[in-house]
Structures are given as C-alpha cells and as structure tokens.
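Structure, as structure tokens:
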DNA sequence: CGTTAACTTGATAGCATTCAACTAGCGTGG
DNA sequence: CCACGCTAGTTGAATGCTATCAAGTTAACG
C-alpha cells in the first residue's frame with residue numbers, strides 16, 4: 068500500500084494524503100486487498116482535511132451533512148443524548164474509521180460525533196463515495212464490509228451493556244480497544260493510547276463514573292490493566308480476556324492482528 | 068410494485084415469489100424507489116423458500132453460510148448467548164427483513180437467528196446478491212441503506228438498555244415495533260402481532276421476566292399498552308411515546324408511515 | 001384432565017446509583 | 001510565584017432499581 072502512495076504524483080503526496088493511505092486505505096483493504104486502480108481511485112477522492120482540538124464536536128446529533136468524515140489521527144466517539152441530559156457513548160473511533168459513513172445514504176447521522184484528543188480528520192463528499200463505489204465493485208464491497216463490522220461492534224456493546232456486570236464490561240471494552248488499536252497500527256504490546264476520562268468510560272458502559280472508578284481499581288488490583296494519563300497498560304492479557312468474556316470474532320480482524 | 072409482479076412470467080408468479088415482492092422488495096424500495104429492471108432483477112434471484120415452525124433455529128451463532136435469509140412471513144429474532152447461559156436478544160425481525168445480510172461479506176453471522184412464530188423464509192445466495200449489486204447500483208444502494216438502518220436500530224437498543232429504566236425501555240421497544248410493523252404492512256391502528264413471551268422481552272431489554280411482568284402491568288395500568296395472546300394493543304400512543312422517550316428518526320421511515 | 005410453559009405475586013438480596021466531600025493535577029493570571 | 005479555579009479522580013455512606021428466590025395461578029394442549 069505504501070508503494071501505491073509513493074507512485075502518486077508528487078503534488079498529491081502531502082502529509083495528510085499519505086496519512087489517508089496509512090489509516091483509511093489500510094483499514095478498507097485489511098480484509099480483501101483492493102486493486103491498484105481502486106487504491107488510486109480512493110486516494111484521488113476530493114478529500115479536505117482539518118485539524119481539530121480535543122473535545123470538539125465533529126457532527127451534531129441529527130445534523131444534515133454532505134460529506135462523511137474519516138479520522139486520520141486521534142480518537143473520537145459517537146454518542147446520543149437523552150432528554151434528561153444523560154448520554155450514551157455508542158462507539159469509540161480510531162484512525163482509519165469513517166465515523167459517519169451512514170450519512171452518505173441517510174443524509175444525516177442520528178448520533179453526534181466528537182473528538183477525544185486533538186485529531187486530524189478528512190472529509191469525503193457523499194457524492195464522491197457513491198461515484199467511486201459505482202465505478203469499482205471492490206470499493207463498494209470494502210465500504211459495505213466496514214458497515215457490517217461497525218454494526219457487529221455495536222451489537223457486541225449491546226450484549227456488553229445488557230448482560231455483563233461492571234467488571235466484565237470494562238474488561239471487555241479494554242480488550243476490544245486494545246485489539247482495534249493494534250489493527251489501526253497505533254499502540255503495541257499491551258500499551259496504547261486511549262484518551263478517555265472515567266466519565267467517558269461510564270457513558271460508554273452505562274455505569275456511573277464513581278462505579279467505573281471503583282471497578283478500575285479492582286481491575287488494577289487484580290493485576291489485569293491500568294489506565295494512566297490517557298494510556299492503557301495491559302498487565303495480563305489472558306486474565307483480561309477471561310474477565311471480559313472476550314471473543315474477538317465479532318471484530319472480524321485478520322488473524323495476524325494480535326494484542 | 069404490484070404491477071411489476073403482475074408483469075412477471077406466469078410461472079414465476081408463485082405464492083412465495085409474490086410474497087417476496089410484497090415484503091422484501093417493498094422494504095428495499097421504500098425509501099428510494101427501485102427501477103423496473105432492478106425490481107425484476109431482484110425478483111428473478113434464485114431464491115429458495117422454506118416454511119419453519121415457531122421457535123426454530125434459522126442460523127446458529129457463528130455458523131458459516133452461503134446464503135442470506137429473508138423473512139417472508141412471521142417473526143424472528145437475533146440473539147447472542149454468553150458462557151453463563153444468559154442471552155441477549157439483539158433485534159426482532161418482521162417480514163421483509165434480511166436477518167443475516169452481513170453474512171454475505173463476512174461469511175457468517177456472529178449471532179444466532181430463530182423464529183418466534185411459524186415463518187416463511189427465503190434464501191438468497193450470497194453470490195447472487197453480490198452479482199445483482201454489481202449490475203445495478205440502485206440495488207447496491209438499497210442493500211447498503213438497509214444495513215445502515217439496521218445498525219441505527221441496534222444503536223437505539225444500546226441507548227435503550229444503557230440509559231432508560233425498565234418502564235421506558237419496554238415502552239420504547241413497543242413503540243418501535245408498532246411503527247416497524249406498520250411499515251412492514253402488518254398490523255394497523257395500534258394493534259399488531261408480536262408473538263413474544265415475557266421472557267423474550269426480558270432478553271431483549273436486559274430485564275428479568277419477573278420485572279418485565281410487573282412493568283407490563285404498570286404500562287397496562289397506566290392505560291398505555293397491553294399484550295395478550297401475542298398481540299399488542301396500544302391504548303394511548305402519545306402516552307406510550309412519551310413514556311419511552313421515543314423519537315422515530317432513527318428508524319428512517321417515510322413520513323407516510325404512521326402507527 | 002394431566003402436564004407443561006407462561007404468567008403472576010410476595011419477600012429478600014445485591015449491584016450500582018446517588019449524594020457528598022475531599023484530594024490531586026494543571027493552567028491561568030494577579 | 002503562588003493563589004485561584006476547574007476538571008479528573010477518589011472515598012464513604014445511604015438509597016434504590018432490579019435481580020433472585022420461591023410459590024402459586026392461569027393458559028395451552030394433547
């Protein structure tokens with residue numbers, strides 16, 4: 068894939084476009100490799116990029132959009148807010164993820180998206196995505212597949228919140244994030260960035276920040292994981308997997324990806 | 068659409084193929100109408116149909132499949148089971164739904180699917196779906212859109228289980244099912260079939276059957292809804308919507324669909 | 001009319017919430 | 001340079017929503 072980038076006209080080999088290849092393209096081609104023309108077609112999309120500060124709103128709940136947004140650097144999350152002010156975080160996002168692909172066909176995302184850390188994002192016009200998919204079946208399949216994996220992760224979260232207790236719930240979330248970080252090419256050997264507060268973890272797992280705090284202490288006390296300064300350190304991967312009842316199948320990652 | 072069916076060669080106008088048009092095609096073309104050739108292409112898919120009894124396994128968790136399965140009659144649900152035996156129902160399905168579309172690209176569904184009632188299902192070979200999508204961009208978009216809506220509903224369930232109490236959770240589920248039943252062309256005017264036990268409702272909402280029972284009594288006592296013999300009667304739609312904090316946006320239904 | 005699944009009801013228990021206060025870290029500005 | 005203020009994290013006590021346990025009732029069905 069890096070070869071593809073090197074072969075691009077030099078005026079396109081800008082920083083963020085290289086980034087587009089190493090995140091967005093990397094992820095789309097992870098399962099079924101894209102052909103050379105498909106890669107080039109994707110890299111020539113009229114993408115505009117933007118740097119955003121941490122804790123910045125990327126898309127408001129229900130907002131109409133003309134472009135989908137892909138993360139090139141940094142972390143983000145999707146959320147929904149209830150009338151009483153309570154929030155549910157629906158997913159966390161890493162570089163390579165298209166955070167609101169659904170807006171391409173639905174017009175708007177029915178959730179909000181915000182950054183966790185300073186981030187670099189790329190905007191992909193809906194029309195350009197649809198055109199690229201119509202021209203290249205491989206591109207269409209790659210996007211569709213991403214959509215399925217995204218849905219699969221959401222179902223796992225539903226299972227997590229519905230059926231696991233606080234301890235298993237947090238362990239599971241950390242297992243998932245470890246593997247996905249590894250697949251995204253960030254983090255290594257049981258240590259990765261995850262710039263969330265305990266309040267965020269609570270909003271993601273449907274627990275209060277207070278209870279997250281106590282449970283995190285127990286996870287650390289049991290020698291499984293610790294979180295400090297927005298970084299997760301996994302001390303006992305097998306133990307964490309067992310504590311969370313974690314089975315990576317639902318992530319649909321290549322077998323070569325390890326924590 | 069019914070016109071399309073009438074124009075088919077008479078040897079194809081079998082019972083279940085007519086059914087395919089009035090459920091599957093109806094749903095796929097609900098948002099953006101499919102062209103005549105697209106409809107005919109879909110109706111000429113090599114579909115095989117099968118009648119199943121209530122409470123029959125349609126696909127086991129993780130099972131490899133060569134075909135996707137669409138509901139033509141009856142109700143079904145997706146679920147996941149945990150090691151300790153507890154189950155989470157991930158979604159309920161009505162006629163027209165493709166219950167395991169994701170298996171088309173992922174090879175297997177990471178959840179199980181079973182019928183709630185006697186059902187008629189149609190099997191769509193993965194290869195045929197992919198071929199039809201490659202030939203007709205409109206078909207590709209219709210399937211992709213279905214995938215987004217399905218994911219949107221799952222996110223709403225995550226929000227439901229994560230943030231709403233038992234009362235609101237059940238109210239919300241019933242609102243959703245009422246609208247979707249109406250969109251599927253079954254049920255009318257606040258009365259529709261929903262052949263679930265209270266145990267099922269508990270597995271869907273992450274509550275125990277006992278608590279579902281008490282909460283259902285309260286919903287009936289408040290004059291909002293009642294369930295009897297696998298049928299839901301809505302007595303106060305506005306009240307139910309308010310109780311569930313229900314906002315239909317996430318279902319992405321045409322405005323013409325009403326409860 | 002016997003058997004089983006679904007539903008109902010009451011009492012008790014527990015995981016997580018809520019409320020409240022306190023500590024630590026960090027950037028800002030006087 | 002340190003006070004100030006704000007956010008994140010921590011700890012303790014009390015409350016509560018829902019689970020669990022147990023038993024009884026109704027409904028469905030052969």
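Chains as they are written, first to last, in this note's numbering: chain A, 68 to 326; chain B, 68 to 326. For every residue, glycine included, the Cβ atom is placed at its ideal position computed from N, Cα and C.
When DSSP labels each residue in this structure, what does residue i get in the three-state scheme?
i, result
"residue 189 (chain A)", "strand"
"residue 97 (chain B)", "coil"
"residue 139 (chain B)", "strand"
"residue 274 (chain A)", "coil"
"residue 238 (chain B)", "helix"
"residue 195 (chain B)", "helix"
"residue 71 (chain B)", "At residue 71 (chain B), the pLDDT of 38 sits below 50, so the modelled position is not reliable; the number obtained from the coordinates is stated separately. Helix."
"residue 87 (chain B)", "helix"
"residue 166 (chain A)", "coil"
"residue 314 (chain A)", "coil"
"residue 176 (chain B)", "coil"
"residue 284 (chain B)", "helix"
Among the options, which one has its Cα closest to the Cα of residue i?
i, options, result
"residue 128 (chain A)", "B:316, B:106, B:278", "B:316"
"residue 138 (chain A)", "A:93, A:149, A:101", "A:93"
"residue 188 (chain A)", "A:247, A:296, A:312, A:115", "A:115"
"residue 101 (chain A)", "A:112, A:240, A:208, A:158", "A:208"
"residue 95 (chain A)", "A:304, A:176, A:286, A:251", "A:251"
"residue 347 (chain B)", "B:124, B:133, B:141, B:103", "The question about residue 347 (chain B) has no answer, for chain B in this structure spans 68 to 326."
"residue 86 (chain B)", "B:302, B:119, B:110, B:177", "B:110"
"residue 170 (chain A)", "A:302, A:210, A:132", "A:132"
"residue 183 (chain B)", "B:269, B:195, B:119, B:255", "B:119"
"residue 191 (chain A)", "A:293, A:287, A:113, A:274", "A:113"
"residue 268 (chain B)", "B:178, B:145, B:103, B:84", "B:145"
Between which two residues does the alpha helix (DSSP H) containing residue i stretch?
i, result
"residue 295 (chain A)", "No alpha helix (DSSP H) holds residue 295 (chain A); the beta strand (DSSP E) holding it covers 292–295."
"residue 209 (chain B)", "204–230"
"residue 308 (chain B)", "304–311"
"residue 172 (chain A)", "170–173"
"residue 320 (chain B)", "Unbroken run through residue 320 (chain B): none, as it is neither H nor E."
"residue 110 (chain A)", "103–110"
Is the Cβ-Cβ distance between residue i and residue j less than 8 Å?
i, j, result
"residue 181 (chain B)", "residue 143 (chain B)", "yes"
"residue 228 (chain A)", "residue 272 (chain A)", "yes"
"residue 238 (chain A)", "residue 172 (chain A)", "no"
"residue 246 (chain B)", "residue 213 (chain B)", "no"
"residue 320 (chain A)", "residue 224 (chain B)", "no"
"residue 259 (chain A)", "residue 298 (chain A)", "yes"
"residue 220 (chain B)", "residue 158 (chain B)", "yes"
"residue 163 (chain A)", "residue 261 (chain A)", "no"
"residue 231 (chain A)", "residue 312 (chain A)", "yes"
"residue 332 (chain A)", "residue 186 (chain A)", "In the structure displayed, chain A extends from 68 to 326; residue 332 (chain A) sits before or after that span and is not available."
"residue 307 (chain B)", "residue 240 (chain B)", "no"
"residue 257 (chain B)", "residue 211 (chain B)", "no"
"residue 248 (chain A)", "residue 161 (chain A)", "yes"
"residue 233 (chain A)", "residue 302 (chain A)", "no"
"residue 165 (chain A)", "residue 135 (chain A)", "yes"
Check the Cβ-Cβ distances between residue i and every residue of chain B, and say whether any is below 8 Å.
i, result
"residue 225 (chain A)", "yes"
"residue 215 (chain A)", "yes"
"residue 229 (chain A)", "yes"
"residue 125 (chain A)", "no"
"residue 153 (chain A)", "yes"
"residue 222 (chain A)", "yes"
"residue 312 (chain A)", "yes"
"residue 207 (chain A)", "yes"
"residue 316 (chain A)", "yes"
"residue 84 (chain A)", "no"
"residue 240 (chain A)", "no"
Within 8 Å (strictly less), CB to CB, does residue i reach chain A?
i, result
"residue 144 (chain B)", "no"
"residue 68 (chain B)", "Here the model assigns residue 68 (chain B) a pLDDT of 39, short of 50, so the residue's position is not dependable, and the following value carries that caveat. Chain A, which has no Cβ nearer than 8 Å to the Cβ of residue 68 (chain B), makes this no."
"residue 169 (chain B)", "yes"
"residue 380 (chain B)", "In the structure as shown, chain B begins at 68 and stops at 326. Residue 380 (chain B) is therefore absent and cannot be evaluated."
"residue 150 (chain B)", "yes"
"residue 212 (chain B)", "yes"
"residue 129 (chain B)", "yes"
"residue 204 (chain B)", "yes"
"residue 157 (chain B)", "yes"
"residue 383 (chain B)", "Because chain B is modelled from 68 through 326, residue 383 (chain B) falls outside the range shown and cannot be assessed."
"residue 77 (chain B)", "For residue 77 (chain B), the pLDDT reaches just 40, beneath the cut-off of 50, and the residue's location in the model is therefore unreliable, although a value from the coordinates is still provided. Closer than 8 Å: no."
Counting along the chain, where does the beta strand (DSSP E) carrying residue i start and finish?
i, result
"residue 182 (chain A)", "179–182"
"residue 160 (chain B)", "154–160"
"residue 300 (chain B)", "298–301"
"residue 261 (chain B)", "Note, residue 261 (chain B): premise wrong, no beta strand (DSSP E); not H, not E."
"residue 125 (chain B)", "124–126"
Considering only heavy atoms of the ligand NAD, does any lie closer than 7 Å to the CB of residue i?
i, result
"residue 245 (chain B)", "Because no ligand of any kind appears in the structure shown, any question about the ligand NAD cannot be addressed here."
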